[in-house]
């Protein structure tokens, strides 16, 4: 696993006036106005493959919501290669997997962060059966309870290229955002990712093109 540059990962917190931070705020605005009649409160971010900036994107999006005065929970549902605890410098000795196994209440598994309004539930111990864990009724019930408690629940999930985890989680969400790395993803791969989400009638809000010159980035489309 490559080491995460935490100082860059949370650019919206450390450099809120930067052009990159502004693009994350535009992404937040695009999501908010994607459907005013039915607010998107439970959001999932995924990618077509690893190392496309998915976790960085959802972390900064969560920060923008928190800085806007919202009560936000970031949920690390990547039970194969979790990274959220690294970005926020949190312990991963307990988390989502402990809740799904009935070892902890979800309230006990939530970490506060140094950013007011933003909490994180890390992955916890990596299980041998991630897809089965995420498909439990307990996962659906957890999302329902979190939705009732927080203004926004943002869920980080694995890439869509090889496992069913993200497709399973998408069925619990109000909207899905796909992050792709500019110039690195074939159209067929993106089409395949979209088709897998369409099969479960996931609400795809748009695609974030990562890795382009900031002046060219338009956020979710």
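Residue numbers (the working numbering): 75 to 295.
Where a beta carbon is used, it is the ideal one built from N, C-alpha and C, also for glycine.
As assigned by DSSP and simplified to three states, the class of residue i
i, result
"residue 199", "coil"
"residue 174", "helix"
"residue 193", "strand"
"residue 104", "helix"
"residue 92", "coil"
"residue 147", "strand"
"residue 120", "strand"
"residue 186", "strand"
"residue 99", "helix"
"residue 181", "helix"
"residue 157", "coil"
"residue 136", "helix"
"residue 110", "coil"
Rounded separation between residue i and residue j - CA only
i, j, result
"residue 156", "residue 251", "18 Å"
"residue 216", "residue 91", "35 Å"
"residue 199", "residue 247", "24 Å"
"residue 225", "residue 107", "16 Å"
"residue 87", "residue 186", "15 Å"
"residue 118", "residue 176", "23 Å"
"residue 161", "residue 130", "8 Å"
"residue 269", "residue 283", "18 Å"
"residue 110", "residue 253", "23 Å"
"residue 158", "residue 274", "26 Å"
Own chain, CB closer than 7 Å to residue i, minus 5 neighbours either side, in chain order
i, result
"residue 212", "174"
"residue 271", "241, 244, 250 and 278"
"residue 201", "153, 171 and 207"
Sequence-distant residues of the same chain with beta carbon closer than 8 Å to residue i, five excluded per side
i, result
"residue 85", "92, 94, 95, 98 and 134"
"residue 239", "151, 152, 153, 154, 204, 205, 208, 231 and 232"
Cutoff 6 Å; reference residue i; Cβ partners in own chain excluding five residues on either side
i, result
"residue 276", "244 and 250"
Under 8 Å: do the region 162-176 and the region 222-235 share three or more Cβ pairs, one atom per stretch? no
> Three or more C-beta pairs closer than 8 Å, one from the region 141-157 and one from the region 258-269: is that the case here?
Replying inline: no
(message) Would you call the region 96-110 in contact with the region 174-191, where contact means no fewer than 3 C-beta pairs closer than 8 Å?
(response) no
> Which runs of the beta strand (DSSP E) fall wholly inside the region 207-284 and span at least 3 residues, in chain order?
Replying inline: 226-230, 249-255 and 278-284
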